[in-house]
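Visitor:
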Amino acid sequence: MVCVNDDGLTEPNAGAYVKEETRHGPPLEYVAEKLAGSLKALHTLHLAARRDLPDDLPPPRGLASSGIPYNPKTGSVLLPCEAAFRYGLTSFLALNNLLGVANDPELGERLLRLSPRDFDLWLQRVRVEGSVL
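Those letters in the sequence shown? Residues 255 to 387, per my numbering, in order.
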């Protein structure tokens with residue numbers, strides 16, 4: 255579904271829930287800045303874990319004897335990191351009026367594969383060029 259504004263431009267939130275609110279608290283730009291810092295940290299953690307943790311880590315004691323196949327690098331580190339990254343990414347995009355971008359199911363994986371420098375450039379581009387609706 256493509257949502258189009260009255261001016262003919264595509265709605266950047268892709269028809270996602272939008273509500274006008276009045277609030278008192280830290281500016282949302284500040285919140286987005288802190289969330290971007292969290293995303294950078296998760297991005298760095300994911301890169302380091304993929305690169306530095308061996309693929310053949312022994313399973314936790316309880317699972318070792320159960321016969322259930324379990325890879326600690328993936329199950330205990332990478333997957334939870336990817337989930338935290340995805341939730342943070344969705345929130346960051348929502349704060350920048352780009353929630354529709356979060357509908358791309360492969361976005362998180364693509365961003366996690368970027369170099370730290372390229373990921374930082376991507377974050378900056380979202381902050382500078384994000385929707386101003």
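For every residue, glycine included, the Cβ atom is placed at its ideal position computed from N, Cα and C.
#1: Under 8 Å Cβ to Cβ from residue 292, same chain only, skipping five residues before and after it: list those, please.
#2: How would you write the range of the alpha helix (DSSP H) that residue 342 sits in, first residue to last?
#3: Looking at the secondary structure, which residues open and close the alpha helix (DSSP H) in which residue 297 lies?
#4: Please tell me whether residue 311 has its Cβ less than 9 Å away from any Cβ of chain C.
#5: Does the region 293 to 302 come close enough to the region 274 to 285 that 3 or more CB-CB pairs lie under 8 Å?
#6: Are residue 362 and residue 336 close, meaning C-beta to C-beta below 9 Å?
#7: For residue 303 versus residue 381, is the C-beta distance shorter than 9 Å?
#8: Between the C-alpha atoms of residue 349 and residue 320, what's the straight-line distance to the nearest angstrom?
#9: Tell me the DSSP secondary structure of residue 330 in three-state form.
#10: Please state whether DSSP places residue 255 in a helix, a strand or coil.
Guide: To lay it out plainly:
#1: On the sequence shown, residue 292 is found 38 positions in, with the first residue counted as 1. For residue 292, where only same-chain residues beyond five positions count, the Cβ hits under 8 Å are 342.
#2: As a first step, residue 342 must be located in the sequence shown, where it is residue number 88. Residue 342 -> alpha helix (DSSP H) spans 333 to 349.
#3: In the sequence shown, counting from the first residue as 1, residue 297 sits at position 43. First-last of the alpha helix (DSSP H) with residue 297: 282 to 306.
#4: Considering every chain present, this structure includes no chain C. It has just one protein chain.
#5: no
#6: Walking along the sequence shown from the start, residue 362 turns up at place 108. Walking along the sequence shown from the start, residue 336 turns up at place 82. A contact, by the Cβ cut-off of 9 Å.
#7: Counting from 1 along the sequence shown, the entry for residue 303 is found at position 49. Counting from 1 along the sequence shown, the entry for residue 381 is found at position 127. No, the pair does not count as a contact, with Cβ atoms beyond the cut-off.
#8: Start at 1 with the first residue of the sequence shown, and residue 349 comes out as number 95. Start at 1 with the first residue of the sequence shown, and residue 320 comes out as number 66. Whole-angstrom Cα-Cα distance: 44 Å.
#9: Against the sequence shown, residue 330 aligns to sequence position 76. If DSSP states are grouped into helix, strand and coil, residue 330 belongs with the helices.
#10: Taking the sequence shown and counting its residues from 1, one reaches residue 255 at position 1. Low per-residue confidence applies at residue 255: pLDDT is 43, beneath 50, and the placement is therefore not dependable enough to give any value.
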